[in-house]
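K.L.:
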Amino acid sequence: MEQFQKYMDKNINLDNVKNSEQLEKFGISCEYLPDPPEDFDEFEFVTDFKGKNVSIGITIELGKIKKIMFGLIDPEKPDVIKAFNESEMEEFLRQKGDKLIQFFDYITQ
Numbered sequence: 002m003e004q005f006q007k008y009m010d011k012n013i014n015l016d017n018v019k020n021s022e023q024l025e026k027f028g029i030s031c032e033y034l035p036d037p038p039e040d041f042d043e044f045e046f047v048t049d050f051k052g053k054n055v056s057i058g059i060t061i062e063l064g065k066i067k068k069i070m071f072g073l074i075d076p077e078k079p080d081v082i083k084a085f086n087e088s089e090m091e092e093f094l095r096q097k098g099d100k101l102i103q104f105f106d107y108i109t110q
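The working numbering numbers the first residue of the sequence shown as 2 and each following residue consecutively.
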């Protein structure tokens, strides 16, 4: 997850976050977008991995990224997000890492 450290404390670009057409090019959709965001808020994005939905949670404070979280969405209880185990996370990042980097580069432009 070190590859995502460079995005900490970067401003999030709301116009880019709202551009669903561009987000789809990264294989990502926005599920929850506070508009306008509060001083402390969360954005939720979804991508897929091995036929399962993966939540990408981004916590912001004063418009800057403070936390990035990845987890598997329980198909029976979509409000429940389960943590990846270490090998799942490694495989997820191998498969999706380049697109995730492009996504984070885009939303922090």
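Think of the CB as a built atom: it goes at the ideal place given N, C-alpha and C, for glycine as much as any other residue.
What does a CB cutoff of less than 6 Å around residue 84 pick up in its chain, not counting 5 residues either side in sequence?
P.N.:
Reading the sequence shown from its first residue, position 83 is the one you call residue 84. Result list for residue 84: 72, in chain order.
K.L.:
Answer with buried or exposed for residue 51, where buried requires no fewer than 16 other C-beta atoms within 10 angstroms of its C-beta.
P.N.:
Taking the sequence shown and counting its residues from 1, one reaches residue 51 at position 50. Under this definition residue 51 is an exposed residue.
K.L.:
If you follow the beta strand (DSSP E) that residue 49 is in, where does it begin and where does it stop?
P.N.:
By 1-based counting over the sequence shown, the position of residue 49 is 48. Segment 41-50, the beta strand (DSSP E) holding residue 49.
K.L.:
Pick from 60, 88, 78: whose alpha carbon is nearest that of residue 9?
P.N.:
Locating residue 9 in the sequence shown gives position 8, counting from the first residue. Ranking 60, 88, 78 by CA distance to the CA of residue 9 puts 60 first.
K.L.:
State the start and end residues of the unbroken alpha helix (DSSP H) segment that holds residue 33.
P.N.:
Along the sequence shown, read from residue 1 onward, the residue named residue 33 stands at position 32. Careful: residue 33 lies outside any alpha helix (DSSP H), inside the beta strand (DSSP E) at 30-33.
K.L.:
Cβ of residue 97 within 7 Å of Cβ of residue 27?
P.N.:
Along the sequence shown, read from residue 1 onward, the residue named residue 97 stands at position 96. Along the sequence shown, read from residue 1 onward, the residue named residue 27 stands at position 26. No, they are not a contact pair.
K.L.:
So residue 46 and residue 32 are supposed to be a Cβ contact under 8 Å. How far apart are they, rounded?
P.N.:
The sequence position of residue 46 within the sequence shown is 45, counting from 1. The sequence position of residue 32 within the sequence shown is 31, counting from 1. Contact flag correct, Cβ pair sits at about 6 Å.
K.L.:
Where DSSP assigns a beta bridge to residue 62, which residues make up the other side?
P.N.:
Sequence index remark: in the sequence shown, residue 62 carries index 61 (1-based). Bridge partners of residue 62: 41, 65.
K.L.:
Within 10 angstroms of its Cβ, does residue 56 collect 16 or more other Cβ (buried), or is it exposed?
P.N.:
Position 55 of the sequence shown, counting from 1, holds the residue named residue 56. Answer is buried; the Cβ neighbour count reaches 16.
K.L.:
With respect to the alpha helix (DSSP H) encompassing residue 110, which residues constitute its N-terminal and C-terminal limits?
P.N.:
Taking the first residue of the sequence shown as position 1, residue 110 is located at position 109. Careful: residue 110 lies outside any alpha helix (DSSP H) and carries neither H nor E.
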